[in-house]
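As structure tokens, the structure follows; a few thoughts come after it.
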Amino acid sequence: KQEVTQIPAALSVPEGENLVLNCSFTDSAIYNLQWFRQDPGKGLTSLLLIQSSQREQTSGRLNASLDKSSGRSTLYIAASQPGDSATYLCAVRGNSGNTPLVFGKGTRLSVIA
Amino acid sequence: EAGVAQSPRYKIIEKRQSVAFWCNPISGHATLYWYQQILGQGPKLLIQFQNNGVVDDSQLPKDRFSAERLKGVDSTLKIQPAKLEDSAVYLCASSFLGTGELFFGEGSRLTVL
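For the protein sequence lines, the chains are A and B, in the order given. Count along the first sequence from 1, add 54, and you get the number used in our numbering. Count along the second sequence from 1, add 9, and you get the number used in our numbering.
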């Protein structure tokens with residue numbers, strides 16, 4: 055059974071810092087991995103999707119990497135801003151496009167102005 | 010392009026009452042998911058539909074929860090009778106088979122008193 059762990063559970067940084075959020079998963083036979091952002095009281099917003107054949111994806115100040123063999127992914131946020139404050143969730147999909155995502159519990163990020 | 014629509018956004022009921030949530034996925038998305046998110050946790054899959062057929066409902070408490078997807082488009086999730094531990098946010102998501110990227114609605118927050 056796939057398990058997804060996110061460390062740390064919470065993180066507070068000053069504005070302008072670069073930061074890394076970590077995600078690990080127990081079964082390396084994945085189809086893809088997706089990073090989401092969740093603001094309080096809101097749904098999940100997709101940030102980046104990495105297919106199993108890819109090593110990284112970039113969108114603006116965000117960069118996500120994937121190392122399937124070690125069961126790890128990182129989300130790098132450059133030059134953090136107070137508007138980046140949210141919970142970041144990592145989710146992995148099993149070995150076909152039709153299997154459900156399994157989520158971690160998330161990392162709650164606070165960027166202090 | 011319209012996103013995933015959900016209603017109602019908020020619902021407060023007493024235990025043993027019933028409640029229903031509605032979801033309209035992104036046009037053309039064949040796969041629809043219902044997730045339950047308890048405060049401080051990652052979303053947990055309740056049921057996954059492919060068109061109007063059930064792909065996975067292994068974590069759906071079938072003694073009280075039911076879901077249907079009429080004509081392979083809209084979906085309804087029902088809880089009857091509700092328990093205190095059903096207090097959570099119910100998230101609907103959809104994906105286009107092939108890429109597997111999930112898109113979520115804003116969620117329906119249920120409080121059971």
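Even glycine gets a Cβ: it sits at the ideal position worked out from N, Cα and C.
Beta-bridge pairing of B:Thr40 - partner residues as DSSP gives them: DSSP output for B:Thr40 lists B:Gln59, B:Ser104 as bridge partner(s).
Where A:Asp121 sits in the DSSP three-state scheme: The answer is strand: DSSP assigns A:Asp121 an E or B state.
Cut-off 7 Å between Cβ atoms - residues of its own chain near B:Ser96, not counting five sequence neighbours on either side: Excluding residues within five positions, the ones whose Cβ falls inside 7 Å are Leu119, Thr120, Val121.
CB contact flag (B:Val63, B:Asn33, <9 Å): Not a contact, by the Cβ cut-off of 9 Å.
B:Glu94, DSSP secondary structure in three states: In the structure shown, B:Glu94 sits in a helix (DSSP, three-state: H, G or I).
Nearest residue (CA-CA) to A:Val165, options A:Pro68, A:Leu87, A:Ala64: Considering only alpha carbons, the answer is A:Pro68.
Start-to-end residues for the beta strand (DSSP E) that takes in A:Gln111: Taken as a continuous stretch (DSSP letters only), the beta strand (DSSP E) holding A:Gln111 covers 110-113.
Helix, strand or coil at A:Pro136 according to DSSP, with G and I counted as helix: Residue state, collapsed to three classes: helix.
Inter-residue spacing [alpha-carbon to alpha-carbon] between B:Asp66 and A:Ala133: Spanning the two alpha carbons is a distance of roughly 42 Å.
Three-pair Cβ contact test at 8 Å for the stretch 32-49 of chain B versus the stretch 112-122 of chain A: At 8 Å Cβ cutoff, the stretches do not touch.
Per-residue burial, B:Ile21 [other beta carbons within 10 Å of its own, 16 or more giving buried]: The residue is exposed, with fewer than 16 neighbouring Cβ atoms inside 10 Å.
Within chain A, the residues that B:Asp65 reaches when beta carbons sit closer than 7 Å: Neighbours of B:Asp65 on chain A, chain order: Pro154.
Three or more C-beta pairs below 8 Å linking the stretch 123-142 of chain A and the stretch 78-97 of chain A: Result yes; three or more Cβ-Cβ pairs closer than 8 Å.
Sequence-distant residues of its chain with Cβ nearer than 7 Å to A:Ser66 (five each side left out): Closer than 7 Å at the Cβ level, and outside the excluded window around A:Ser66, lie Ser164, Ile166.
Residue closest to B:Lys92, alpha-carbon to alpha-carbon, out of B:Val28, B:Lys80, B:Gly37: By alpha-carbon distance to B:Lys92, the top candidate from B:Val28, B:Lys80, B:Gly37 is B:Val28.
Nearest-angstrom Cα separation, counted from A:Arg147 out to A:Pro154: If I take the Cα positions, the gap works out to 6 Å.
Beta carbon of A:Lys122 nearer than 9 Å to that of A:Ile84: Result yes, Cβ atoms of A:Lys122 and A:Ile84 sit closer than 9 Å.
Interface residues of chain B facing A:Leu143 [CB-CB closer than 7 Å]: Near A:Leu143 (Cβ distances below 7 Å), the residues of chain B are Gly51.
Straight-line gap, B:Ser36 to B:Gly12 (C-alpha atoms, nearest Å): So the alpha carbons of these two residues sit roughly 8 Å apart.
From B:Gln68, B:Ile47, B:Glu77, B:Gly49, residue whose alpha carbon lies closest to that of B:Asn61: Closest option to B:Asn61, Cα to Cα, is B:Glu77.
B:Leu48 in three-state terms, based on DSSP: Reduced to three states, the DSSP call for B:Leu48 is coil.
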